[in-house]
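Engineer: Got a structure here, written out as structure tokens. Questions coming.
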Amino acid sequence: MPLTEPLNLLFFINPHAGEHTNQDWKENIINFFHATNHRISLCTLTGKDDDALIRQKIKTEQPHRVIAVGGDGTITLVAKTIMNSNISMGILPGGSANGMAKELEIPLEPEKALNLLLEGEILKTDLIKVNEEICLHMSDIGLNAELVKYFEEGNRRGKWGYARVLLKVLWKKRMMYVTIETKDAIIKRKALVVIFANASKYGFGAVINPESSLHDGLFEVVIVRRLAVSELLKMWLRPQPFNPKKIEIIKARSVEITTLHKAHFQVDGEYLGKINVLKAVVLAGSLQLILPKKEN
């Protein structure tokens with residue numbers, strides 16, 4: 228049903244997230260809303276004290292809906308600022324990979340994505356609190372977090388950049404010795420990666436958690452014990468059951484992980500250093516997301 232009342236829409240734009248694409252989201256937004264009765268405000272993020280800037284703009288503008296324009300990091304930054312509020316959040320895919328936007332089936336075409344902000348449905352969505360960080364998409368320790376570190380340092384983009392860094396990290400294959408404690412069990416494993424997954428796939432399409440849901444009050448702990456070529460193909464090409472001897476998936480509401488030695492750590496594509504204690508808990512339904520309507 229079309230909206231009858233004008234909305235106050237506040238857009239937070241990360242100009243660096245899509246600097247390797249040709250999309251001018253600011254121009255698209257202005258042109259799309261020019262002939263409507265909706266009020267729009269555009270705020271450009273600078274990368275310095277963006278948390279405070281977002282809070283201040285929301286307090287000043289009092290928006291009905293807030294829209295993150297950028298990649299996964301931008302989306303998480305905005306989400307953690309408005310979580311547990313009555314403000315709904317939309318997403319415009321302005322990053323280089325747009326993993327979360329793809330996960331949520333947000334259209335990549337500007338006009339369709341902008342139209343969704345007005346005609347989509349609003350669903351309560353889970354977040355994960357990982358140590359003191361908020362995760363909407365994927366957080367992990369081990370091999371993938373090390374990939375993120377090299378990816379940031381080398382300023383690499385796209386699948387080929389990812390593939391080159393992947394080969395570098397796979398050559399080393401640093402195993403972790405981890406203890407994983409949930410409400411129901413304590414298990415010990417040797418692993419390459421341990422993932423807290425709120426979604427099904429990484430930004431470049433690797434499916435790691437085929438049965439995920441962002442609305443079930445749970446997240447998945449994905450333990451990658453080995454990473455053979457066959458498992459990589461399953462991740463990249465299409466969702467398939469994993470070999471439980473290589474990849475193990477545990478559903479949880481909370482978990483604590485300790486590692487024998489410090490391991491690389493990342494949240495939603497942001498590298499956060501090395502740690503050896505990780506605590507995660509689901510924040511069920513804490514974010515109101517504007518999503519495509521599902522067919523009945």
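523 is the number that our numbering gives the last residue of the sequence shown; the numbers go up by one with no jumps. Beta carbons: idealized from backbone N, C-alpha and C, even for Gly.
Check whether the region 330-337 and the region 497-505 are in contact - that is, three or more C-beta pairs closer than 8 Å.
Structural biologist: As far as the Cβ criterion goes, the region 330-337 does not touch the region 497-505, which means the pair count is below three.
Engineer: If you drop the 5 nearest sequence neighbours on each side, which residues of the same chain put their C-beta closer than 8 Å to that of V357?
Structural biologist: Closer than 8 Å at the Cβ level, and outside the excluded window around V357, lie S366, F423, V494, L505, K506 and A507.
Engineer: How long is the line joining the alpha carbons of T273 and G326, rounded to whole angstroms?
Structural biologist: Spanning the two alpha carbons is a distance of roughly 22 Å.
Engineer: Taking contact to mean 3 or more Cβ pairs, one atom from each stretch, closer than 8 Å, check whether the region 252-259 and the region 308-317 are in contact.
Structural biologist: No, they do not touch.
Engineer: Shortest alpha-carbon distance to L344 belongs to which of F446, L419, L236 and K478?
Structural biologist: Nearest C-alpha to L344: L236.
Engineer: With a cut-off of 8 Å on the beta carbons, I'd call I240 and C270 a contact; round off their distance for me.
Structural biologist: Contact flag correct, Cβ pair sits at about 7 Å.
Engineer: So for Q289, helix, strand or coil by DSSP?
Structural biologist: It is coil, neither helix nor strand.
Engineer: From the DSSP secondary-structure annotation, give me the bridge partner or partners of Y404.
Structural biologist: Partner(s): K417.
Engineer: Give me the Cα-Cα distance between E483 and E408, rounded to the nearest whole angstrom.
Structural biologist: About 5 Å.
Engineer: Along the alpha helix (DSSP H) that carries I361, what are the first and last residues, could you check?
Structural biologist: Per DSSP, I361 belongs to no alpha helix (DSSP H); it is in the beta strand (DSSP E), E360 to C362.
Engineer: Taking the alpha-carbon of K410 as reference, which of K478, E359 and A328 has the nearest alpha-carbon?
Structural biologist: Ranking K478, E359 and A328 by Cα distance to K410 puts K478 first.
Engineer: Quick one: give me the first and last residue of the alpha helix (DSSP H) that T486 is part of.
Structural biologist: Here T486 belongs to no alpha helix (DSSP H); instead the beta strand (DSSP E) covers S481 to V494.
Engineer: Short of 8 Å in beta carbon distance, which residues of its chain neighbour V280, apart from the five on each side in sequence? Order them along the chain.
Structural biologist: For the sequence presented, residue 280 should be read as Leu rather than Val. So the list reads C270, L272 and T273, once near-sequence residues are dropped.
Engineer: Please report how far the alpha carbon of D278 lies from the alpha carbon of G298, in whole angstroms.
Structural biologist: The alpha-carbon atoms of D278 and G298 are separated by roughly 16 Å.
Engineer: Alpha carbons only, please: which of E497, H291 and Q283 is nearest the one belonging to R266?
Structural biologist: Nearest of E497, H291 and Q283 to R266, Cα basis: H291.
Engineer: Assign M228 to one of three DSSP states: helix, strand, or coil.
Structural biologist: Caution applies to M228, whose pLDDT of 41 falls short of 50 and renders its modelled position unreliable; the value that the coordinates give is listed next. Reduced to three states, the DSSP call for M228 is coil.
Engineer: In the DSSP assignment, find the beta strand (DSSP E) that holds P437 and state where it starts and stops.
Structural biologist: Unbroken run through P437: none, as it is neither H nor E.
Engineer: In whole angstroms, what separates the C-alpha of K415 from that of E232?
Structural biologist: Cα-Cα distance, rounded: 55 Å.
Engineer: Compare the Cα-Cα distances from K351 to each of A511, Y429 and I368 and report the closest residue.
Structural biologist: Checking every option, the nearest Cα to that of K351 belongs to A511.
Engineer: Measuring alpha carbon to alpha carbon, tell me which of D443, S440 and R453 ends up nearest V421.
Structural biologist: It is R453 whose Cα lies nearest to the Cα of V421.
Engineer: Thinking C-beta only, is N425 closer than 8 Å to H491?
Structural biologist: The answer is no: Cβ separation not under 8 Å.
Engineer: Can you tell me where the beta strand (DSSP E) with A340 in it begins and where it stops?
Structural biologist: No beta strand (DSSP E) contains A340, which is instead part of the alpha helix (DSSP H) from P337 to E346.
Engineer: For Q283, count the other beta carbons within 10 Å of its own beta carbon; 16 or more makes it buried, fewer makes it exposed. Which is it?
Structural biologist: With fewer than 16 Cβ atoms within 10 Å of its Cβ, Q283 is classed as exposed.
Engineer: Checking 8 Å against the spacing of the C-beta atoms, do L419 and G369 come in under that value?
Structural biologist: Cβ distance < 8 Å, so L419 and G369 count as in contact.
Engineer: How many angstroms separate the CA atom of K428 from the CA atom of A324?
Structural biologist: Distance between the alpha carbons of K428 and A324 is about 12 Å.
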